[in-house]
Amino acid sequence: MNKRGLRVFAGLCALLMVTLCAVPSNAQMAEVKQKPAMYSYVANWQIPRAHWADLEKSAATRNAILEKAMADGTLIGYGEDINMVHSADGWTHDNWWSAMSMAGLVKILDQFLATEVSASPSAIATKHYDLVFVSHYYSWKPGAYKGGYVHVSEYKFKADAPDDALDLLAQHLIVPAMDKLVADGTVTEYEIDEMAIHTSAPGTFSIVYVTPTPEGLDTVSAAIRALGKAHPLGIDAFGSFTDDNGHRDELGKGNGVFK
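The numbers in this note's numbering rise by one with no breaks, and the one at position 212 of the sequence shown is 196.
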């Protein structure tokens, strides 16, 4: 085994230790497994500031469709966000919805296309793109949140990362830590997303979480730093699988609801 292989192996051993240390003692025997696929459709918009109020006016029509879909079981969540850290060509707003099937996503998309004039920001947007994700690792507190802070970290796997790299990182590092933050109320919802429709190259994943307060962002960051200090080989394994050049962060603020 070469030096890199030894480094990764040692890191994975540390990940198993992290699992035991990151969860409460009465839950240490719980095994993290993939959950049923959750699909999410995210519509990203670049809206000139002069038209932000116009966007809010169309929200009622969109939300009426989404609320009905939640009530009949088509969707398990929906919401909308504004971008708090703008880039020159990036999005300013998004709206999203989640379902336990691809069919659920598409049914809602069909309804929005049928009400394009009244429900879509397309008439005032200067740029627009859509993303479709799938997640097997997620958790949330049921109910609505308002003014939540939405943090997204995107990572790209190295070409030689193992095929089950995401499962290893999720099951032994990310999920135990995030579940603890959901349990103590720091995090309202989190998910680990991969692209279900590859509008860009495969091999990326995103860690998304919502926290109800600004202080929650610092609490999550402190929890990550604590993991790094207590279990450096576990974090080292994360670095062995991912390419720093492919890392990007987003910070938004929005409203949402989950069943």
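Each residue gets a CB set at the ideal place from its N, CA and C atoms; glycine is no exception.
In the three-state scheme derived from DSSP, where H, G and I count as helix and E and B as strand, Met22 is classed as strand. Ile49 is a Cβ neighbour of Ile92, given a cutoff of 8 angstroms. The count of Cβ pairs closer than 8 angstroms, one atom from the region 110 to 127 and one from the region 218 to 237, stays below three, leaving the stretches out of contact. Residue pairing by DSSP puts Gln30 in a beta bridge opposite Lys111. Between Lys19 and Phe141, the alpha-carbon positions lie close to 22 angstroms from each other. Between the C-alpha atoms of Pro160 and Asp65 there is a straight-line separation of about 27 angstroms.
The beta carbon of Leu39 lies closer than 8 angstroms to those of Trp29, Ile31, His77, Pro105 and Ile108 in the same chain, with the five residues before and after it left out.
About 7 angstroms separates the beta carbon of Asn239 from that of Tyr129, a gap short enough to meet the 8 angstroms contact definition.
Pairing Ser119 with Asp163 gives a Cβ-Cβ distance that is not under 8 angstroms.
For Asp202, the three-state secondary structure derived from DSSP is helix. Annotation: the continuous beta strand (DSSP E) that includes Asp177 extends over Glu173 to Ile181. Between Tyr23 and Ser82 a beta carbon distance of about 7 angstroms is seen, short of the 8 angstroms cut, so the two are scored as contacting. The shortest C-alpha to C-alpha distance from Lys243 to any of Ala37, Met84, Ala43 and Ala154 is the one to Met84. Around the beta carbon of Val241, 16 or more other beta carbons lie within 10 angstroms, which makes this residue buried.
Residues Trp75, Thr76 and Gly236 of the same chain have their beta carbon placed closer than 6 angstroms to that of Asn67, with the five preceding and five following residues left out of the count. For Glu40, no beta strand (DSSP E) run applies; the uninterrupted alpha helix (DSSP H) run containing it begins and ends at Trp36 to Lys41, by DSSP. With 16 or more neighbouring CB atoms inside 10 Å of its own CB, Ile191 falls in the buried class. Where Asp94 is concerned, the enclosing alpha helix (DSSP H) starts and stops at Met86 to Ala98.
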